[in-house]
Amino acid sequence: MPVRTTVLSSCVNVGILWGRDSIASTATAVVDALRAMNMLAAMRPGGAQPALRWFWLPMPHEGDATPPPVPAGGDGSQGPLHVVVIPGWLVPTGPQLREVSSRYSQHFGAMLHSHLRGGGRALALFNGSSLLAHCGLLAGRKAALPWVFAPSIVLQSSESGPAAADGAPPADVVWQREQAWQRDGALWTTASLQDTLPAVLDLLGHTPAAELAQAAMHALLFDRERQLTATAAMETPTGHPLAAGALELARRWLQAHRNEPYSLQATARAAATSPRTLLRWFAQVHGESPQDYLHRLRIAQAQALLQTTYLTVEDVAQQCGYSDTGSFRKVFARVCGVTPGAYRQRFKLRTSRKQWLARQTPPGADSAGEA
Numbered sequence: 025m026p027v028r029t030t031v032l033s034s035c036v037n038v039g040i041l042w043g044r045d046s047i048a049s050t051a052t053a054v055v056d057a058l059r060a061m062n063m064l065a066a067m068r069p070g071g072a073q074p075a076l077r078w079f080w081l082p083m084p085h086e087g088d089a090t091p092p093p094v095p096a097g098g099d100g101s102q103g104p105l106h107v108v109v110i111p112g113w114l115v116p117t118g119p120q121l122r123e124v125s126s127r128y129s130q131h132f133g134a135m136l137h138s139h140l141r142g143g144g145r146a147l148a149l150f151n152g153s154s155l156l157a158h159c160g161l162l163a164g165r166k167a168a169l170p171w172v173f174a175p176s177i178v179l180q181s182s183e184s185g186p187a188a189a190d191g192a193p194p195a196d197v198v199w200q201r202e203q204a205w206q207r208d209g210a211l212w213t214t215a216s217l218q219d220t221l222p223a224v225l226d227l228l229g230h231t232p233a234a235e236l237a238q239a240a241m242h243a244l245l246f247d248r249e250r251q252l253t254a255t256a257a258m259e260t261p262t263g264h265p266l267a268a269g270a271l272e273l274a275r276r277w278l279q280a281h282r283n284e285p286y287s288l289q290a291t292a293r294a295a296a297t298s299p300r301t302l303l304r305w306f307a308q309v310h311g312e313s314p315q316d317y318l319h320r321l322r323i324a325q326a327q328a329l330l331q332t333t334y335l336t337v338e339d340v341a342q343q344c345g346y347s348d349t350g351s352f353r354k355v356f357a358r359v360c361g362v363t364p365g366a367y368r369q370r371f372k373l374r375t376s377r378k379q380w381l382a383r384q385t386p387p388g389a390d391s392a393g394e395a
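Numbering (my numbering), first residue to last: 25 to 395.
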């Protein structure tokens, strides 16, 4: 039965190609990201219905190709697809990759063209971009390609792309050699397996599930500032010092004293330099003043607290070094573009306080005293 594709709606439907040689790790990483986003959606008001669904799109005549054992994400009926994921294939050589993508293009090629014309999006992971190339969809586009298969994928694109109106050869794919992953229009490509998660979350950030994708990024991807501003109860990597010049000493001082009133003089003393020199160096290296850097550290900590705790905005401000809540709100809005309250509602990573307390109640306990 042909797969229906359409423009995006409120529930994002994701189709994942699967066959005998498909790479399981990329497929399951995509499913885990979708599951995490549905978990976040369920914690929000009105979140009874999943925000995302996913389906396997099996390659015909490969009955021995069983998809990874991950939880089902659909109701058994394939709805209109908004995102198509190509997990890539575990093959040893370029010629074998070309043979696999040729077989897949015979079954999925027309669907991919129709899907993209209808406003859908596609994510090709690792060497899955070979299928896009074989279908003529990478001609003239920027793409991140795995170096070991890049020559074969580039050649496929040049052979399969549409000819120019004047009969000139098809435009070559623009290999972004220094990019881990790349977006060009409605197509996303990655250069390695480890780039799967940031690429899929960026793609979903361009769908109606954008806010959930951004919240999931905060929780699932490495964020240096979040790591450095984690609450005292959490272990941080700051116990492993880096080689420290004056700027690094200043940065460490601001990190260690971020909850105290800002003092340029004290920061310069910690860096063993003058305030004027520190300002000049900080601007040259970091593109901002030490105070602006301190604000970003504080706001990163505030974001984590707003997402994961029940502290009031006033308490968050105090814990992050702002004695005046009004000043905190202004700085937060300037850095994040929204108020602290709006940010909490949009990106919270915990259930309501009432739900949390209910979960902590021992079995059989009397709940009459709940607040």
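Ideal Cβ positions, reconstructed from N, Cα and C, are used throughout, including at glycine.
Residue range of the unbroken alpha helix (DSSP H) whose run includes residue i
i, result
"Q343", "337-343"
"V309", "299-310"
"L155", "153-158"
"M83", "Careful: M83 lies outside any alpha helix (DSSP H) and carries neither H nor E."
"A366", "364-371"
"H319", "314-332"
"P91", "Careful: P91 lies outside any alpha helix (DSSP H) and carries neither H nor E."
"A280", "270-280"
"F352", "349-360"
"V178", "174-184"
"E433", "Nothing in the structure corresponds to residue 433, since the chain is present only between 25 and 395."
"P242", "Sequence check: residue 242 is His here, not Pro. Note, H242: alpha helix (DSSP H), 234-244."
"D226", "220-228"
C-alpha distance - residue i paired with residue j, whole-angstrom precision
i, j, result
"T220", "Q203", "13 Å"
"L273", "R248", "17 Å"
"T90", "W113", "14 Å"
"S184", "P82", "24 Å"
"E284", "P111", "48 Å"
"P92", "L217", "16 Å"
"D339", "V362", "18 Å"
"V36", "L303", "47 Å"
"R353", "W305", "29 Å"
"S138", "Y367", "37 Å"
"A223", "P119", "27 Å"
"A168", "Q200", "5 Å"
"L76", "H242", "18 Å"
Run of the beta strand (DSSP E) containing residue i, from where it starts to where it stops
i, result
"V109", "107-110"
One or two residues paired with residue i in a DSSP bridge
i, result
"L211", "A146, D208"
"G166", "Sequence inspection shows Lys at residue 166; the Gly mentioned does not correspond to that position. In the DSSP output, where bridge partners are listed per residue, K166 has V198."
"S126", "DSSP lists no partner for S126."
"S46", "W113"
"V38", "W78, V107"
Residue i burial status per 10 Å Cβ neighbour count (16 or more: buried)
i, result
"S351", "exposed"
"A267", "Low confidence applies to A267: its pLDDT is 40, below 50, so where it sits in the model is not reliable, and the reading given next is rough at best. With fewer than 16 other Cβ atoms within 10 Å, it is exposed."
"H85", "exposed"
"G39", "buried"
"S347", "exposed"
"V309", "exposed"
"F246", "exposed"
"R141", "exposed"
"T291", "buried"
"T327", "Contrary to the premise, residue 327 reads as Gln rather than Thr in this sequence. The residue is buried, with at least 16 neighbouring Cβ atoms inside 10 Å."
Heavy atom of the ligand ADP within 7 Å of residue i beta-carbon
i, result
"Y317", "Of ligands this structure carries none, so the ligand ADP is not represented either."
Proximity test, Cβ basis, 8 Å: residue i and chain D
i, result
"S313", "The chain inventory of the structure shown lacks chain D, comprising one protein chain alone."
Is the segment 231-247 in contact with the segment 59-69, if contact means three or more CB pairs nearer than 8 Å? yes
So, does the segment 166-176 touch the segment 128-141, judging by three or more C-beta pairs under 8 Å? no
Pairs of beta-carbons, one from the segment 205-219 and one from the segment 142-157, closer than 8 Å: are there three or more? The segment 205-219, when compared against the segment 142-157, does touch it at the 8 Å Cβ threshold.
Below 8 Å, can you find three or more Cβ-Cβ pairs linking the segment 275-291 to the segment 311-318? yes
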